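Here the structure is laid out as C-alpha cells; the discussion comes afterwards.
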Amino acid sequence: MFRQFGRQWLHTKRPIRPHISITNSIRFTKNYATYKRFGNSGSHSNFDFKKFLYNKNTIYVGISLGAFYVYNLHEAPFTGRLRFIWLPYWLETKIGDYSYKQILGEYQNQILPSSDPLYGKVTKIMNSLLTAAISNFPDQQQVEHLKSLDWAIHVIQVDPNKIPPNAFILPNGKIFIFSSILPICHNDDGLATVLSHELSHQLAHHSSEQLSKQPFYILLSAILYSITGTSSFNSLMIEGLLKMPASRDMESEADHIGCELMARSCFNVNEAVQFWLRMNDWESKLKQKYNTSGLSFQEFFSTHPNTNKRIHDIQSWLPDLEKIKENSQCYEYQFNLFNETHRNFFKR
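Going by UniProt numbering, 277 is the number at position 277 of the sequence shown; the sequence numbering is gapless.
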C-alpha cells in the first residue's frame with residue numbers, strides 16, 4: 001500500500017514490498033521477466049502462429065487451462081469480487097516466512113524493543129480488526145487459517161528523510177510498521193486505517209492472486225513475442241494493460257474492505273479520509289521538493305490508485321459505513337472485546 005509512495009522521487013534504498021512477485025510486498029519486489037534471453041532485435045520470428053493456434057494439441061491445452069481457471073475462481077471476502085487463485089494457504093505462508101527472514105536481516109538493528117508503548121497500541125488495534133474480520137467471515141477455513149498464524153508486531157525506526165511512509169503485513173502474520181508513517185497516522189484511527197488496509201490484503205489473499213496470474217502472464221508474453229518478435233514492447237503492454245490495473249483494483253478493494261473492518265471495529269471511518277488527506281499533503285511536498293509534475297502517464301504504470309481517487313472513493317462509501325458501524329453495537333463491543341482471551345491474537 002504505502003511502499004510505492006515517493007518511488008518516482010526518492011532514489012534511496014526502499015523496504016521490501018509485501019506483495020509477492022516471484023509486489024511489493026511480502027517484499028517482494030516486482031521483478032517481472034522481460035524475455036531478454038530471446039533478444040530484442042525487433043526482427044519478427046518465423047514461428048507460424050496460425051498453425052500453432054489451430055493445432056489439436058493447442059486446443060486441448062487451451063480447454064484444460066480454461067477449465068483450470070474457472071475451477072479456481074473464488075469470491076473475495078466482503079466485496080464478492082471473483083478472482084483466480086490456485087495457491088494453497090500453506091504455500092502463501094511459507095513465502096511469508098522467507099520474506100520475514102529477509103526483512104529481519106535488513107532491519108534487525110532498527111526494530112524498536114517490544115517494551116515500547118507503541119506495541120501495546122498496535123496490539124489493541126489489530127485485536128479489534130482481527131476480531132471483526134473473523135466474526136464476519138463466512139469461510140470457516142479462512143477463519144481457522146487466521147487463528148493459526150503466529151501474529152507478531154515489528155516497529156522499525158527509520159529516517160523519514162530517507163525512507164518513505166510504509167507499513168505491511170506478511171502472509172504469515174508478521175506486521176511491520178515504519179516510524180515514518182506514524183506522523184501521518186496522527187491518531188489511533190489513522191493507524192487503524194493503515195493496519196486495516198494491510199490486513200485486508202491478507203484477508204483477500206492478494207499476494208496469492210498476484211502469484212497465481214504469473215504463469216499466464218509469462219505464457220501471454222511468449223505468445224506475443226512469437227507474433228511481434230520483440231519483448232520490451234510486449235512487457236510494457238502487459239504491465240500497463242493487465243498487471244498495473246489489476247494491482248490498482250486490489251489496492252482499492254483493500255481500501256474498501258479495510259474501511260468496513262474499521263466500521264465493524266467501531267473506529268472513526270471519517271478519519272480514513274483525513275489520513276489520506278495528510279498523505280496527499282506529504283506527496284505534494286515531496287513533488288515540490290524534487291520539482292516533479294505531470295505524473296499522469298507514470299500513474300498509468302503505477303501499482304496504486306491516485307490518492308485523490310482513494311479519498312473520493314472512501315467519501316462515497318461513508319453513508320454505508322456509518323450504517324455498518326451503527327449496527328455493530330459498538331458500546332457493547334468495546335466493553336467485551338478483551339474480556340475473552342481468545343480475542344488476543346498476540347498471546348502465544
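Beta carbons: idealized from backbone N, C-alpha and C, even for Gly. Fair warning: this is a prediction, and the values are worked out from it, not measured in the lab.
>> Counting only C-beta atoms, is residue 347 closer than 7 Å to chain D at any point?
In response: Chain labels in this structure do not include chain D; a single protein chain is all it has.
> With residue 200 and residue 240 assumed to form a contact (beta carbons below 8 Å), what rounded beta-carbon distance in angstroms separates them?
Replying inline: In the sequence shown, counting from the first residue as 1, residue 200 sits at position 200. In the sequence shown, counting from the first residue as 1, residue 240 sits at position 240. The Cβ separation is near 25 Å, so there is no contact.
>> Could you give the first and the last residue of the continuous beta strand (DSSP E) run that contains residue 83?
In response: For this step, residue 83 is matched to residue 83 along the sequence shown. Taken as a continuous stretch (DSSP letters only), the beta strand (DSSP E) holding residue 83 covers 82-84.
>> Among the candidates 108, 143, 282, whose CA atom is the shortest distance from the CA of residue 307?
In response: Here residue 307 refers to the residue found at position 307 when the sequence shown is read from its first residue. Closest by alpha carbon: 282.
> If you draw a straight line from the alpha carbon of residue 62 to that of residue 219, how long is it in whole angstroms?
Replying inline: For the purposes of this step, residue 62 is identified with residue 62 of the sequence shown, where counting begins at 1. For the purposes of this step, residue 219 is identified with residue 219 of the sequence shown, where counting begins at 1. In a straight line, the C-alpha of residue 62 is about 12 Å away from that of residue 219.
> Opposite residue 175 in the DSSP bridges: which residues?
Replying inline: For this step, residue 175 is matched to residue 175 along the sequence shown. 153, 169, per the DSSP bridge assignment.
> Are residue 157 and residue 118 touching if we call contact CB-CB under 7 Å?
Replying inline: Here residue 157 corresponds to residue number 157 of the sequence shown, with the count starting at 1. Here residue 118 corresponds to residue number 118 of the sequence shown, with the count starting at 1. Not closer than 7 Å, so no.
> Straight-line CA distance for residue 179 to residue 66?
Replying inline: By 1-based counting over the sequence shown, the position of residue 179 is 179. By 1-based counting over the sequence shown, the position of residue 66 is 66. Cα-Cα distance, rounded: 45 Å.
>> Is it buried or exposed, residue 68, if we count other Cβ atoms within 10 angstroms and call 16 or more buried?
In response: If you number the sequence shown from 1, residue 68 lands on position 68. Under a 10 Å Cβ-count criterion, residue 68 is classified as exposed, with fewer than 16 other Cβ atoms of the shown protein chains found around its own Cβ.
>> Quick check: the Cα distance between residue 102 and residue 96, rounded to an integer number of angstroms?
In response: Position 102 of the sequence shown, counted from the start, is the residue given in the question as residue 102. Position 96 of the sequence shown, counted from the start, is the residue given in the question as residue 96. Taking the straight line joining both Cα atoms gives about 10 Å.
> Under a Cβ-count criterion, where at least 16 other Cβ atoms within 10 Å of its own Cβ denotes burial, should residue 215 be classed as buried or exposed?
Replying inline: In the sequence shown, counting from the first residue as 1, residue 215 sits at position 215. Exposed is the call here.
> Is it buried or exposed for residue 127, if we count other Cβ within 10 angstroms and need 16 for buried?
Replying inline: Here residue 127 is taken as the residue at index 127 of the sequence shown, counted from 1. Classification for residue 127: buried.
> If you check the beta carbons only, do residue 165 and residue 175 fall under 7 Å apart?
Replying inline: Within the sequence shown, numbered from 1, the residue matching residue 165 stands at position 165. Within the sequence shown, numbered from 1, the residue matching residue 175 stands at position 175. No, the Cβ-Cβ distance between residue 165 and residue 175 is not below 7 Å.
> Are the Cβ atoms of residue 84 and residue 91 separated by less than 7 Å?
Replying inline: On the sequence shown, residue 84 is found 84 positions in, with the first residue counted as 1. On the sequence shown, residue 91 is found 91 positions in, with the first residue counted as 1. No.
>> Is it buried or exposed, residue 144, if we count other Cβ atoms within 10 angstroms and call 16 or more buried?
In response: The residue labelled residue 144 in the question sits at position 144 within the sequence shown. Exposed, by the Cβ-count rule.
> What span of residues does the alpha helix (DSSP H) with residue 253 cover, start to end?
Replying inline: Position 253 of the sequence shown, counted from the start, is the residue given in the question as residue 253. That run of the alpha helix (DSSP H) goes 244-264.
> Where do the ends of the alpha helix (DSSP H) carrying residue 75 lie?
Replying inline: As a working mapping, residue 75 is identified with position 75 in the sequence shown. Unbroken run through residue 75 is the beta strand (DSSP E), 73-75; no alpha helix (DSSP H).
>> One question on the structure: do residue 79 and residue 256 come within less than 7 Å of each other, judged by their Cβ atoms?
In response: Here residue 79 refers to the residue found at position 79 when the sequence shown is read from its first residue. Here residue 256 refers to the residue found at position 256 when the sequence shown is read from its first residue. A contact, by the Cβ cut-off of 7 Å.
> Can you name, in chain order, every residue of its own chain whose Cβ lies under 6 Å from the Cβ of residue 93, other than the five neighbours on each side?
Replying inline: Numbered from 1 along the sequence shown, position 93 holds the residue referred to as residue 93. So the list reads 171, 172, once near-sequence residues are dropped.
>> Below 8 Å on the Cβ atoms is my contact criterion, and I expect residue 77 with residue 224 to pass it. Report the Cβ-Cβ distance as a whole number of Å.
In response: In the sequence shown, counting from the first residue as 1, residue 77 sits at position 77. In the sequence shown, counting from the first residue as 1, residue 224 sits at position 224. So it is not a contact: roughly 34 Å between Cβ atoms.
> Who are the near neighbours of residue 265 in its chain, counting only those whose CB is closer than 6 Å to its CB and skipping five residues on each side?
Replying inline: Position 265 of the sequence shown, counted from the start, is the residue given in the question as residue 265. Excluding positions up to five away in sequence, the list reads 128, 129, 132.
>> Suppose contacts are defined by Cβ-Cβ distances below 7 Å. Is residue 184 in contact with residue 217 by that definition?
In response: By 1-based counting over the sequence shown, the position of residue 184 is 184. By 1-based counting over the sequence shown, the position of residue 217 is 217. Not in contact: residue 184 and residue 217 (Cβ atoms no closer than 7 Å).
> Does the beta-carbon of residue 120 have 16 or more other beta-carbons within 10 angstroms, so that it is buried, or is it exposed?
Replying inline: The residue you call residue 120 lines up with position 120 of the sequence shown. Looking at its Cβ environment, which holds fewer than 16 other Cβ atoms inside 10 Å, residue 120 is exposed.
> What are the partner residues of residue 111, as DSSP defines its beta bridges?
Replying inline: Stepping through the sequence shown from its first residue, residue 111 is reached at position 111. According to DSSP, residue 111 bridges with 156.
> Going straight from the alpha carbon of residue 279 to that of residue 59, what length do you get?
Replying inline: Taking the first residue of the sequence shown as position 1, residue 279 is located at position 279. Taking the first residue of the sequence shown as position 1, residue 59 is located at position 59. Cα to Cα, the separation comes out at about 50 Å.
>> Looking at the secondary structure, which residues open and close the alpha helix (DSSP H) in which residue 351 lies?
In response: Look at the range of the chain in this structure, 1 to 348, and you will see that residue 351 is not part of it.
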